[in-house]
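Chemist: Quick one: this structure, given as structure tokens, is what I'll be asking you about.
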């Protein structure tokens with residue numbers, strides 16, 4: 002379940018805000034364009050799908066990187082040994 006900070010991170014990923022609680026009235030917009038209460042409220046319904054999309058993209062990127070390592074004859078343990 003998303004909280005207000007999660008929703009704001011999705012809607013305004015570069016920050017410039019802070020929130021105390023999960024209601025729109027507790028948001029302070031500091032260095033960003035304010036969003037509307039409707040955008041914030043709608044964000045709760047959108048968050049789970051957005052998060053699943055982000056997680057899938059991250060997993061695909063990891064699989065691609067591991068495939069490239071394998072093609073080079075390397076493993077993730079080899080990279081860890083190098084401090085990477």
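In my numbering, the protein residues as written are 2 to 85.
The beta carbon of each residue, even a glycine, is placed where N, CA and C say it ideally should be.
1. Could you work out which residue in 5, 33, 11 is closest to residue 24 when comparing CA atoms only?
2. Would you say residue 36 and residue 75 are within 7 Å of each other, going by their C-beta atoms?
3. With a cut-off of 8 Å on the beta carbons, I'd call residue 44 and residue 33 a contact; round off their distance for me.
4. Under a Cβ-count criterion, where at least 16 other Cβ atoms within 10 Å of its own Cβ denotes burial, should residue 9 be classed as buried or exposed?
Modeler: Taking the definition as stated:
1. Working through the chain shown from its first residue, we reach residue 24 at position 23. Minimum Cα distance to residue 24 is reached at 5.
2. Counting from 1 along the chain shown, the entry for residue 36 is found at position 35. Counting from 1 along the chain shown, the entry for residue 75 is found at position 74. It is not a contact, given that the beta carbons lie outside the stated cut-off.
3. Locating residue 44 in the chain shown gives position 43, counting from the first residue. Locating residue 33 in the chain shown gives position 32, counting from the first residue. So it is not a contact: roughly 14 Å between Cβ atoms.
4. Here residue 9 refers to the residue found at position 8 when the chain shown is read from its first residue. Its Cβ being crowded by 16 or more others within 10 Å, residue 9 is buried.
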